[in-house]
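Protein chains: 2
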Amino acid sequence: MKRTLISDIWKNHEKLNGRTVSVSGWARTVRDVKNFGFIELNDGSGHRSAQVVFERGKGYDYDEIARQNVGAALTVVGALAATPENQQPFEIKADQITVEGASAEDYPLQKKRHSMEFLREKAYLRPRTNVFNAVFRIRSLAAFAIHEFFNKRGFVYVHTPIITGSDAEGAGAMFQVTTLDLENPPRNVSEKPAPDLEGLPRNVFGENAPINASEKTTGPTEARAKAAEVDYTQDFFGKKAGLTVSGQLNVEAFAMAFSNVYTFGPTFRAEKSNTTRHAAEFWMIEPEMAFCDLKGDMDTAEAMVKYIVSYTLKNAAPELEFLNKFVDTGLIGRLKNVRDNKFARLTYTEAVGILEKAIAEKKDRFEFPVFWGCDLQSEHERFITEEIYKKPVFLIDYPKDIKAFYMRLNDDGKTVAAADLLAPGIGELVGGSQREERLDMLEKRMAEMGLNAGDYWWYTDLRRFGGNKHAGYGLGFDRMVMYLTGISNIRDVTPYPRTVGSIEF
Amino acid sequence: MKRTLISDIWKNHEKLNGRTVSVSGWARTVRDVKNFGFIELNDGSGHRSAQVVFERGKGYDYDEIARQNVGAALTVVGALAATPENQQPFEIKADQITVEGASAEDYPLQKKRHSMEFLREKAYLRPRTNVFNAVFRIRSLAAFAIHEFFNKRGFVYVHTPIITGSDAEGAGAMFQVTTLDLENPPRNVSEKPAPDLEGLPRNVFGENAPINASEKTTGPTEARAKAAEVDYTQDFFGKKAGLTVSGQLNVEAFAMAFSNVYTFGPTFRAEKSNTTRHAAEFWMIEPEMAFCDLKGDMDTAEAMVKYIVSYTLKNAAPELEFLNKFVDTGLIGRLKNVRDNKFARLTYTEAVGILEKAIAEKKDRFEFPVFWGCDLQSEHERFITEEIYKKPVFLIDYPKDIKAFYMRLNDDGKTVAAADLLAPGIGELVGGSQREERLDMLEKRMAEMGLNAGDYWWYTDLRRFGGNKHAGYGLGFDRMVMYLTGISNIRDVTPYPRTVGSIEF
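Line by line, the protein sequences give chains A and B.
Per our numbering, residue 1 is the first one in the first sequence, and the count goes up by one each step.
Per our numbering, residue 506 is the first one in the second sequence, and the count goes up by one each step.
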């Protein structure tokens, strides 16, 4: 008999009343009340389970079923019966039950609350719990909402490269990608050894190795490295390569062809931070729009965030209710607030004024000092969005010295056309800017920041060949999922989190 | 004035007749006919351009406009005029023209056909050409079609990890990911040096380095490596890590929670092959279904391929017409054939019989020999799908020795429940299988193939905790885009291709 998904039964249980259905799933609980019993069966097609009633004298061994452990995979065929008097509006009266796969006694998930830390150690099983079932379904729905939002607006989705030869995007520490043998990488044999090493013996690598040098001698090490650096012409790509920190530069080239484009892919940071908000591997969305200024950029970002939130409220109601009850009681209220209110927009300079006023009123309001030019701390951002505006806020026109080289210099010569979206309960959600389209200004900024324009030849060339005002932003997807679920640790919204020291599974 | 996308004008040009519009885009051609001229303006919102007519005596410097090079970014405001007598059904009579960004004289794309090889060197500009405009828009549409197909069916999208600590998936050579300094990686100082090295001096790395050893001495090198291997406890993840070759094992765990799931993300192969069908970085879709056998697997794969093809035929008609005319005249016919025909299904054994019969009729039919147990070559696959069936064919039940360890052993003990989808014009498009859900059989297969079951502890555990018959497949996305566009080199369907020796941009 053809399987029916439990989510479809929930949708149609009134019509299905009295009909025989076949369902397959995993037992959440098995209760034996002597001659009959109950199974809470969940197949993951939706948040809600089906209640199965089994009894002696049917086409299965009652005791065998009653013995099944939590986690067992079962197929149940039986009639759907409406139970309007119960909490659950229907149950399935089992005529046949097949044990597709038993669950061993040491199954770690029992019918009790496990800590998030415990479940992290069971990353291959935790999607079977109520909370992770909700989180990972919302993650999936949010991803679809994003693709649908951009598809409806004609944006072209671009797969920017993961492995990159550019190591100077300045957005953070990079992982290196290589096929060289780290135990014994090929080295350039220097034709002209550094003068002070001449005459020293060569070791098996053709390197100059001083005799009897102690482990702490550093001078010769440096000279030796110079004389015999790793030979990257023998690496897979013929040069040093790493994992991307952002697809922005690459996707700008596509905006100059399609007008409206976006990326949605993994990005990486090799920073050894150990916070609840940073992962070494995370997914990012980076839209880019030609013929677009900072206002257009914010309009798109606001529409996108509202679209994701509305889509989730509409398509994940049971999941959100569960999370609102057990994880974060402010969740649904906060999401509706985002959906229903126009986001505020104010300048960095205005925000500094507000913060200075708050300090004037209460001296020890903040831990970190506030002054024009400072990089705002999380406490400052949250004060603005949570205490003052009580809704999402775009801060614009930041001091140029705390922002990236590609942001467009404003006419005041001091600020750039950046826009960060701050949201209550999480802080920065989106970081965007209008890009510097003027070649001379861009090159000047790169020089000021110590970047070699030659490394970006094709990026600067975009300004010579029909460049124009354009803008874009980045949304950290994992952080967006934290916002949608009320989950406070990035490790718990990512299927298999990658953080410093952690790569099990 | 608010910008209108040229694709929206094409949709509504009859309604817009006589109305003033503002368009922005890049000049494909600028033709000066003395006192008036024509600009073919493309904004990338669709495949088709708008024709702009400009003339002397309007609100712009005629000569400045006439001088603009191909590639210049322009904003044009003017009235839309129907031109039913011309090839193009409308034109825009420019009242104002703003040069948003000129295009320098050395702009490499001119109004002529450039070779694909030349355009590959200009990867940052090639999306502005007609052919790449079509290819990358189809790529984007196909990606959306895939997400929509699975979303409609309630599949949960799972971001499986890109960086993995498992180096034994057996699907191909892996890239290593590291934050260690390759010039000078930390090494384990062996507490007990290998006996034959005792008494030798230590170099600055604390390694045993023989004195005056010639470059060709290999014995001591090996011993030395043993004595002081790279210390991966100091690497970012505390162990050796690499780039994933497949998300399948990870996503199986999610299928055991949500029933129906899929991945769509980048995967990697560090193979130094230089073919038109292999890239080092490519995107893959890997659905996985619980309580599902090989038949269900093929049903989903067939429905998905047809969905992608139908979606593209419907939403990329101008692009497909262009490609059908200039790249591959069989393209649209082939796609309709896929959309409209039920795919054939036959066993590997039957296919071998067909091939042997063909050889009996014509001895030198194939270059490579055919016998039961052989891995079919591309020429064999294409003969089956192009000559015999003339439509897509699933080949099932392959000899176990040429397939992966996780495929379910059939009752004959010789074959496994694998299904490869072969398509005319491209060969293998999808590779799938029912997975081995029986723990003892799985462990036996792993042992036979020399794999260490301990490395897969959580994967085998899935069989102990409510395992059940399940199946899935992989679709190489870049190869699917080749199929949808008729483009014969994978480098030309990937925004910034990564192949051996190639990582510019």
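Yeah, the Cβ is synthetic: ideal placement off N, Cα and C, and Gly gets one too.
Remember, predicted model here, so these are calculated numbers, not experimental data.
| Asked | Found |
| --- | --- |
| If you count every other CB in all the chains shown that lies within 10 Å of the CB of A/V33, and 16 or more means buried, which is it? | exposed |
| Along the chain, where does the alpha helix (DSSP H) that runs through B/T990 open and close? | 982 to 990 |
| Starting from the beta carbon of A/P185, find every residue of chain B whose beta carbon is closer than 7 Å, and list them in chain order. | L687 |
| Ignoring anything shorter than 3 residues or poking outside the stretch 775 to 832 of chain B, list the beta strand (DSSP E) runs there in chain order. | 786 to 795 |
| Pull up the distance between the alpha-carbon of A/F254 and that of B/V636, whole angstroms please. | 14 Å |
| Going residue by residue through the stretch 228 to 263 of chain A, where are the continuous beta strand (DSSP E) segments of at least 3 residues, counting only ones entirely within it? | 241 to 243 |
| Tell me which residue opens and which closes the alpha helix (DSSP H) that B/Y853 is part of. | 853 to 866 |
| Among residues of its own chain, excluding the 5 on either side of B/T781, which ones have a beta-carbon nearer than 7 Å to its beta-carbon? | S993, N994, I995 |
| Could you give the first and the last residue of the continuous alpha helix (DSSP H) run that contains B/V636? | 635 to 657 |
| From A/N17 to A/E91, what distance separates their C-alpha atoms? | 10 Å |
| Indicate the three-state DSSP secondary structure (helix, strand or coil) for A/L200 in the structure shown. | Unreliable placement is indicated for A/L200, whose pLDDT of 42 sits below 50; the coordinate value is still reported in the next sentence. Coil, per DSSP. |
| Starting from the beta carbon of B/Y1001, find every residue of chain A whose beta carbon is closer than 8 Å, and list them in chain order. | T160, P161, N250 |
| Could you say which of B/M809, B/A578, B/L825, B/D917 lies nearest to B/K657 if we only look at CA atoms? | B/M809 |
| Show which residues of chain A have a CB atom less than 8 Å away from the CB atom of B/Y662. | R139, S140, A143, F144 |
| Determine, using beta carbons only, whether A/L313 and A/L346 come nearer to each other than 8 Å. | no |
| To the nearest angstrom, how far is the alpha carbon of A/Q96 from that of A/T4? | 15 Å |
| Assuming the contact rule is C-beta atoms closer than 8 Å, B/Y767 and B/F655 should be a hit. Round their C-beta distance to whole Å, please. | 5 Å |
| List, in order along the chain, the chain A residues whose C-beta lies closer than 9 Å to that of B/A785? | I163, F236, F237 |
| Could you check the C-alpha separation between A/T300 and A/E288 for me, to the nearest Å? | 10 Å |
| Residues of chain B with CB closer than 9 Å to the CB of A/N452, please, in chain order. | Residues of chain B passing the Cβ test: none, with the nearest at roughly 16 Å. |
| Can you tell me where the beta strand (DSSP E) holding A/E40 begins and where it ends? | 36 to 42 |
| Relative to the C-alpha of A/L506, which residue among A/K93, A/H13, A/H147, A/M480 is closest? | Chain A is shown from 1 up to 505; residue 506 of chain A falls before or after that span and cannot be answered. |
| At least one CB of chain A closer than 8 Å to the CB of B/V682: is that the case? | yes |
| I'd like to check one pair, B/L754 with B/A924: are the Cβ atoms closer than 8 Å? | no |
| In whole angstroms, what is the alpha-carbon distance linking B/S512 and A/I388? | 43 Å |
| I need the boundaries of the beta strand (DSSP E) containing A/S24, first residue and last residue. | 20 to 32 |
| For B/K516 and A/T415, what's the separation of their Cα atoms in angstroms? | 41 Å |
| For B/V857, collect the residues of the same chain with a Cβ closer than 7 Å to its Cβ; drop the 5 residues on either side in sequence, then sort them by chain order. | V875, W877 |
| Would you report the Cα separation of A/G486 and A/A142, rounded to the nearest angstrom? | 14 Å |
| Taking only three categories from DSSP, how would you classify B/K974? | coil |
| So, at 8 Å on beta carbons, what are the nonlocal neighbours of A/E379 in its own chain, with the 5 sequence-adjacent residues on each side left out? | F366, E367, F368 |
| Using three-state DSSP, classify B/P632 as helix, strand or coil. | helix |
| From A/K2, A/G57, A/A66, pick the residue whose C-alpha is nearest to that of A/R28; which is it? | A/A66 |
| Here's the rule I'm using: 16 or more other beta-carbon atoms within 10 Å means buried, otherwise exposed. How should B/P897 be labelled? | buried |
| Tell me which same chain residues have a C-beta within less than 6 Å of the C-beta of B/P1002, skipping the five on either side of it? | A784, R996 |
| What whole-angstrom Cβ distance do B/D802 and B/Q615 have, given they're in contact under 8 Å? | Their Cβ separation, rounded to whole angstroms, is 49 Å, which puts B/D802 and B/Q615 out of contact at 8 Å. |
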